[in-house]
Structures are given as structure tokens and as C-alpha cells.
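Peer 1:
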């Protein structure tokens, strides 16, 4: 076993986990953790694992005393939204769900959102210009993807502040949960969000429109449609995972650009660089730091024999900084990096993020117009990080325009 174990509670990890990832990666490609999981850190092994046929369903987990005790204390097995979304299903259920949702996530449908996204971004930038100083997360990074998803779904008028509170709690379910009080709050939010979404679906059936929720209700694949429980779970996935990852892309991206003035200058000098810049920002500070798999048979990864039923963490963020793939400048932000799009921030294989095109579009418009609008944009205080292990992002980014 390696001396350096994955430890998200190490000093400085929340602010900058990448030196910790590098230390692990340099010592070993794969290690078994005392808490009951295997940790994979190198690019070639992470991509191979993501593209493999390994499971994501927790029913395949073999018993482990420490991990099982933590799961029991957290009580997450009873969360309604867990287990029914694409994120938590294997083929053939995953294939069926993804096929149904993909029918309404076409490139044409995503590209048609560009004018609305531009309108929302420009409105946020107007408010920022008027204020002079603001928190970029509150003014741009958070409201943009939240509003876009609500618009896409065609949600009826509702208490948006409460919906934001619920999704802000639910997103914690995508983190390791060992705190019983947090687990209780997630469970309560899960139940309330389920009721709220069920009411929205009932309303939408009576008021169909040209929107994503109507399309999901009507979507059919080989005579199959989504059940109400599956509809609720997919809506939850869109709001929770789809929203938070884009918040992190924008907020982390701004922090990275302002912390690397030479790269920001290059982007301002050549705005056509924005497409590749977004890919490099996704690589440089991944909005999602890890992905999980559960082995359905003994498998060898990096020279280690991993038994059936093992919980395996693929470190996306570590893979995105692996010098063996990216070169000696892997830890640097290089906006014109030729292979930037080969990052694994959206996963890979069957579970590659279906909303990747939307996140890229929002990132390109938000970051491109922000940089163009405010040539003197600068940090106006210390960045605060959200303290999360997986969906790691800047919680507060004070800026002056």
C-alpha cells in the first residue's frame, strides 16, 4: 500500500487539491483505501475504466465493514432520486433512459438556446457593470445555468428561491456523505423535490408546450416511455448535476483566467480561442473531480487485481493533470493546448455526460462575453471554495469590473 492515500481532508486540499493528486499519482497508479474503495489516478487507467463495462449500480457492492457502517449512518439508500437516473443505471436500463432523453438533447436543440443564453449573460453583465463590485457566482455563474434549465424544461411559475435551496442540498448527495445530519437534510430535500416535480409533471401534462419536460413526457423508444418516477429522477439529475457542473465551469474558469494573466491576455487578443479555452479550463480545474465504478468481475487495473464488488474511484481531476499524457506542462493553464479536448471532465464511455454540449455552450458564451465586456476585470478579495470533494468549485468570487 502506498504511503500517500487519497485524503480530501489534508491541509489545503479544498483550495488546491492538485499537488495532493500529483503526490499520489507519482507513487502509485492504483491503491486500496482503508475506507473501502480503490483509487485510480492516471489518465490511461482512468479512461480505460470509464470506457469499460463496469457497473455504477450499488447493488453490486461486496460487503466492507467500514464503508457499510458509513453508508448505514448516512441513510442514503432511502433517497428517492438515487438509483433511478441515468447516472445510477447500467445497460439495458441506462441505454433505454439515455435513448429517451437523448431524443430531446440534440445538437440542433442545444444550439437553438444560444440567443437566450446570450440574453441572460448580457443581463448579468449589465448588473455587474452597474454595481462595479460583486460576487461573480451570485451574479453570473449560479443564475445562468439554473435559469437555462428551468427555461428548457418549461417549468410553471414556482418558488425559485426554494427550488434553489432544495437543489443546493441535493447536490451534496453526489459527495461522500458521512454526516447523519446532512444525510437527514438531503433526505428531506429529496422528498420535497420529488413532490414538487411530480406536481410540475402533472401540470405539464395538462399544459403541454414546446419544451424539454413535454418532450421527455412524450419521448418514446421502441414503444417505451419514461415512468413518472423516472421522469422525476431525470429532472432531478438535470437540476442537480447539470446545473452545478456549469456553475463550477464558469466560476473556476474565471478564477483560473484571473490567476493566469498571460493566458487571459492571449484570449483577449484572439477571441476565436474561446472554444479551445473552455476545453482547457475544463481540463485545468475539472467541475467534477471523480467518477465511480463497481466491479462486476475480478479486474486488473494498473497491475493490481481488484476483486468483484469493489468500489472504484476514477480521479478525473488527477487524470486531467497526468504528465504522462499531457506533458511536463500538465499543471499549467495553456489555452491553446492542442489536445485539450481529450480531458475526461465529462467522463467517457457509456456514461459520458449527455449535457456536455450545453455546458460548453454556456461556458463559451459566458466567459467569452465576460472577457470582452470587462477588460479591467480583477479579483476583489479572496476566493472562497465550496469545500466539496467531488463537485469542487468556487463558492464566492469577488470581482471588480
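Numbering (the UniProt record's numbering), first residue to last: 1 to 401. We treat Cβ as the ideally placed atom computed from N, Cα and C, and that holds for glycine.
(1) Does the separation of the CB atoms of residue 340 and residue 283 fall below 8 Å?
(2) Who are the near neighbours of residue 354 in its chain, counting only those whose CB is closer than 8 Å to its CB and skipping five residues on each side?
(3) Have a look at residue 128 and residue 331 and give me their C-alpha separation to the nearest angstrom.
(4) Let me know the beta strand (DSSP E) ranges lying completely inside the stretch 283-362, each 3 residues or longer, listed in chain order.
(5) Using the Cα positions of residue 1 and residue 307, report the straight-line distance between them to the nearest angstrom.
(6) How is the alpha helix (DSSP H) around residue 43 delimited, first residue to last?
(7) When DSSP labels each residue in this structure, what does residue 138 get in the three-state scheme?
(8) Between which two residues does the alpha helix (DSSP H) carrying residue 94 extend?
(9) Within 10 angstroms of the Cβ of residue 407, are there 16 or more other Cβ atoms? Answer buried if so, exposed if not.
(10) Residue 260 to residue 230, Cα distance in whole Å?
(11) Report, in whole angstroms, the separation of the C-beta atoms of residue 381 and residue 398, which I expect to be a contact under 8 Å.
(12) Please classify residue 248 as buried or exposed, where buried requires at least 16 neighbouring CB atoms within 10 angstroms.
(13) Quick one: what's residue 25 bridged to in DSSP?
(14) By the 10 Å Cβ neighbour count, where 16 or more other Cβ atoms means buried, how is residue 225 classified, buried or exposed?
(15) Quick test of the definition: if touching needs 3 or more C-beta pairs under 8 Å, does the stretch 286-303 touch the stretch 312-324?
(16) DSSP state of residue 240, grouped into three classes?
(17) Could you check where the beta strand (DSSP E) with residue 165 kicks off and where it finishes?
(18) Work out the CA separation of residue 116 and residue 258 for me, nearest whole Å.
(19) So, does the stretch 202-216 touch the stretch 46-62, judging by three or more C-beta pairs under 8 Å?
(20) Taking only the alpha-carbon atoms, compute the straight-line gap between residue 172 and residue 334 and give it to the nearest angstrom.
Peer 2: So, to answer that:
(1) Taking the chain shown and counting its residues from 1, the one referred to as residue 340 is at position 340. Taking the chain shown and counting its residues from 1, the one referred to as residue 283 is at position 283. Going by C-beta atoms, residue 340 is nearer than 8 Å to residue 283.
(2) Residue numbering aside, residue 354 sits at position 354 when the chain shown is read from its first letter. For residue 354, where only same-chain residues beyond five positions count, the Cβ hits under 8 Å are 86, 98, 101, 102, 105.
(3) Here residue 128 refers to the residue found at position 128 when the chain shown is read from its first residue. Here residue 331 refers to the residue found at position 331 when the chain shown is read from its first residue. C-alpha separation (whole angstroms): 31 Å.
(4) 290-294, 299-301, 304-306, 311-315
(5) Translated into the one-based positions of the chain shown, residue 1 becomes position 1. Translated into the one-based positions of the chain shown, residue 307 becomes position 307. Caution applies to residue 1, whose pLDDT of 45 falls short of 50 and renders its modelled position unreliable; the value that the coordinates give is listed next. Whole-angstrom Cα-Cα distance: 16 Å.
(6) Your numbering for residue 43 matches position 43 in the chain shown. Here the alpha helix (DSSP H) through residue 43 covers 43-51.
(7) Taking the first residue of the chain shown as position 1, residue 138 is located at position 138. Helix at residue 138.
(8) Residue 94 sits at position 94 when you count from the first residue of the chain shown. Where residue 94 is concerned, the enclosing alpha helix (DSSP H) stretches over 93-102.
(9) Because residue 407 is not part of the residues shown, which for the chain are 1 to 401, the question remains open.
(10) For this step, residue 260 is matched to residue 260 along the chain shown. For this step, residue 230 is matched to residue 230 along the chain shown. Spanning the two alpha carbons is a distance of roughly 43 Å.
(11) As a working mapping, residue 381 is identified with position 381 in the chain shown. As a working mapping, residue 398 is identified with position 398 in the chain shown. Confirmed, Cβ separation roughly 4 Å.
(12) Position 248 of the chain shown holds residue 248. Its Cβ being crowded by 16 or more others within 10 Å, residue 248 is buried.
(13) Counted from its first residue, the chain shown places residue 25 at position 25. Bridge partners of residue 25: none, in fact.
(14) Mapped onto the chain shown, residue 225 falls at position 225. Its Cβ having fewer than 16 others within 10 Å, residue 225 is exposed.
(15) yes
(16) Walking along the chain shown from the start, residue 240 turns up at place 240. The answer is helix: DSSP assigns residue 240 an H, G or I state.
(17) To locate residue 165, count along the chain shown from 1; it is residue 165. It is not in any beta strand (DSSP E) - residue 165 instead sits in the alpha helix (DSSP H) that spans 160-170.
(18) By 1-based counting over the chain shown, the position of residue 258 is 258. By 1-based counting over the chain shown, the position of residue 116 is 116. If I take the Cα positions, the gap works out to 27 Å.
(19) no
(20) In the chain shown, residue 172 corresponds to position 172, counting from 1. In the chain shown, residue 334 corresponds to position 334, counting from 1. Roughly 31 Å between the two C-alpha positions.
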